[in-house]
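Reading through the structure tokens given below for one structure.
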Amino acid sequence: MRSPAIALVTLLSLSPVTAAAAPDDPERVVMKLDEFLKLYEKTRAEETTAPLDYALSSARYEGEVQVKDGEPYAAVFKARFRVEVLRAKGFVKVPFLPATVALESAKIGNAEAAVVIEDGHYVLVTQQRGALNLDVTFAAAVTTAEGSSAVSFQLSPAGATSAVLSVPAREDLDFTVAGAKLQSDKVVGDKRVVEAVLPSTGALEVKWQRELPKAAQQASRVLSEVYTLVSLGEGLMRATTTAQYTILFTGVDKLALKVPKDMTVLDVVGAGVREWKVDGEGNLAVQLNYAAKGAYALRIEMEKVVRGDIKDIAAPVPVPVGVERTRGFVGVESRGNLEVDAGDVKGATPVDVRALPAAILGITGQPVLLGYKYLGTDVSIPLSAWQHVDADVLVTLLDETRARTMWTREGRRLTSVKYRIRNNRRQFLRLALPKGGELWSASVGGRAVQPALAADKRVMIPLVRSQAAGGELAAFEVEIVYVENGAPPAGNGRGQFAATLPRADAPSTYVAWTVYAPDDAKIKRLSIDGNLRKVRYLSNPIPAEDMNYVQTATPQVMENAREQAAPGGSLGDGAMPVPVSLPLQGREVHFEKLLALDEELTIGFKYRGLKK
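Letter by letter, the sequence shown follows residues -21 to -1, 1 to 591 of mature numbering (1 follows the signal peptide of the UniProt record, and there is no 0).
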């Protein structure tokens, strides 16, 4: 709100008043007293203007149902509206009732109020100021259908709204007040009275009907379906049961089941489960926070320790107690290399496991081996299982082995071998270097590692575990660089080239080996030997970025590899990679082989014309 001084300054700038600036102070204004007082009063009038014309601070409705020939037909209400007229002058229109009701009278004090109908409402027209009480009497229709009666009409928005309705009746009534935030009913003489506090907007809608005595209410009917998944593993039998109840008529807050005495109940989960307990006889009692009605599901987790082979152990099937009808399904799965079979089944029928409900198939990723359905509570499914020895399977595979050898005139050889590996759980890749070979560097996933030396002198390269990618294991790269001395050519430029790749303890599906020979060396075609086939071009060419130099990892590749490394630095820090910048040049001689198992990979040929 603006202060009077600010408003006065504004009026001075807009109103034609006789005022002049003081000669000694340009910021002062001199005016007559009566003009100043007029401006001040005008400012006060502006500051006290109300934002609304009126306000309904409260509304209370007190009604009584009228009965004719034993049937309710109307409700007569006496209502008081507390009206606050906020407009300073003039007439104010206050809507207070919908025109769907029949208005009998409207008074302010002892005087009749001026009421008109406008926009579907009874509207009070008044020029009184301040607070006033509007007392009205009106009637609303009562409708009755199928033994239930109701009275309803629209409310005018008020700060506080309350209602009282009395119904002549000799028997107890069940009242419902739509939207009531606080409701109570009582007996006053031969009338049943309901009181309610309502929201400020909406409708007053009261329904009532004859209240049924407790003895007349129908008892609960409970039906159940039980879905059990039995898991057999090494030394353990687990069961997950979902008991699906259908509760009709009256709700229940207690459920009971019979579980096998030798099973340990781990958990019971359901909506509103307050507590559960199992006694020594296998009686499971579940207490709920509320009376469940309609569909209700309970999930039970159980387990049992078994020793040795499982033989004729009954499948744990919980049985609901106190239900009219029970039917269920049982699925059996194996956790491990167990062969599962069933004995003499009683009270159940085998079914195709694909026909089992989703409550069983949807909670496991393992194949369900056996399936049964049953009706009733007398069911017995004896199970047997035998453990078999795990067969060895391939856990590490070399997708590619790519070798490049730089052969110098003096007979020395510098070789780089890159393995693309998919590894599930092996810790090391073991390599038997060629005789006389000296390891220069090793890297895994572009990160330099420190190899170890096994008792049999094989080099052990620490591995990471392949990450999952699209349901498969992703491959990573292992590279080693080693140097060895070969036989130099004779004085006439002739000689014998023979080389062997490191022997790995994992199979390789493809091996490519390129030898960079001096340009003037002429290879005798008929002298080519070894278990790799000489080819003109490789089936899978070497990527262009790897063609120029034999080198180990760059710092960026090392950083990416650290993300794959196992926690705790299982690869070790290793030595800083040393790039080998010897250019790979000369005549390319290609060799390749498909599917190399546990075998030496060798090549050899005779040459001539190699001058020193």
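Here a beta-carbon is modelled for each residue, glycine too, at the ideal position from N, C-alpha and C.
| Query | Result |
| --- | --- |
| Bridge-paired residues (DSSP) for H100 | P77 and E97 |
| Close-in-space but distant-in-sequence residues of the same chain around V324 (CB under 6 Å, 5 per side omitted) | I360 |
| Straight-line Cα distance separating L452 from V296 | 39 Å |
| Minimum C-alpha distance to V438 - residue among V285, V462 and F407 | F407 |
| Cross-strand partners of K17 (DSSP beta bridge) | Per DSSP, none; premise fails for K17. |
| Below-7 Å beta-carbon distance, L517 vs any chain D residue | Judged by its chain identifiers, the structure shown contains no chain D, having just a single protein chain. |
| Where R381 sits in the DSSP three-state scheme | strand |
| Candidates I339, A337, R278 and F308: closest to P329 by CA position | F308 |
| Three-way DSSP call (helix, strand, coil) for S445 in this model | coil |
| Euclidean distance between Cα positions of N403 and A447 | 10 Å |
| S203, buried or exposed, once every other Cβ within 10 Å from all chains shown has been counted against 16 | buried |
| For E184, the nearest candidate out of Y40, G416 and K513 (CA to CA) | Y40 |
| Where S506 sits in the DSSP three-state scheme | helix |
| Start and end residues, alpha helix (DSSP H) containing A491 | It is not in any alpha helix (DSSP H) - A491 instead sits in the beta strand (DSSP E) that spans S487 to A496. |
| Span of the beta strand (DSSP E) around L574 | R566 to A575 |
| Test item: CB-CB of E63 and S36 under 7 Å | yes |
| Buried versus exposed call for W365 [16 or more other C-beta atoms within 10 Å across all chains shown] | exposed |
| Extent of the continuous beta strand (DSSP E) to which A235 belongs | L215 to K237 |
| Cβ neighbours of E303 in the same chain (closer than 8 Å, five flanking residues each side left out) | R200, V201 and L202 |
| Three-way DSSP call (helix, strand, coil) for A38 in this model | strand |
| Cβ contact check for the segment 377 to 390 and the segment 425 to 445: 3 or more pairs under 8 Å | no |
| Beta strand (DSSP E) runs contained entirely in the segment 354 to 427, provided each spans 3 or more residues | 361 to 366, 375 to 386, 391 to 402, 407 to 411 and 417 to 423 |
| Between the CA atoms of G109 and N89 - distance to the nearest angstrom | 17 Å |
| For V494 and D484, the rounded distance between their alpha carbons | 24 Å |
| Terminal residues of the beta strand (DSSP E) in which A118 lies | G109 to A124 |
| Selected residue, minimal CA-CA separation from V502, among K513, K290, N519 and Y586 | Per the sequence shown, the amino acid found at residue 502 is Ile instead of Val. Per the Cα distances, Y586. |
| Close beta carbons around R306, own chain, < 6 Å, minus the five adjacent residues each side | E204 and L354 |
| Three CB pairs or more closer than 8 Å across the segment 90 to 109 and the segment 67 to 80 | yes |
| CB-CB length for K240 against E260, believed under 8 Å | 6 Å |
| Through-space distance from E417 to A411, alpha-carbon basis | 11 Å |
| Closest Cα partner of V300 within the set Y224, V121, M10 and T380 | Y224 |
| Short Cβ contact (7 Å threshold) for G322 with D291 | yes |
| For V247 and V265, believed in contact at Cβ under 8 Å, the rounded distance | 6 Å |
| Integer Cβ distance of L208 from A222, believed to fall under 8 Å | Actually they do not touch by this definition, with Cβ atoms about 13 Å apart. |
| Short Cβ contact (7 Å threshold) for V71 with P147 | no |
| Where A264 sits in the DSSP three-state scheme | strand |
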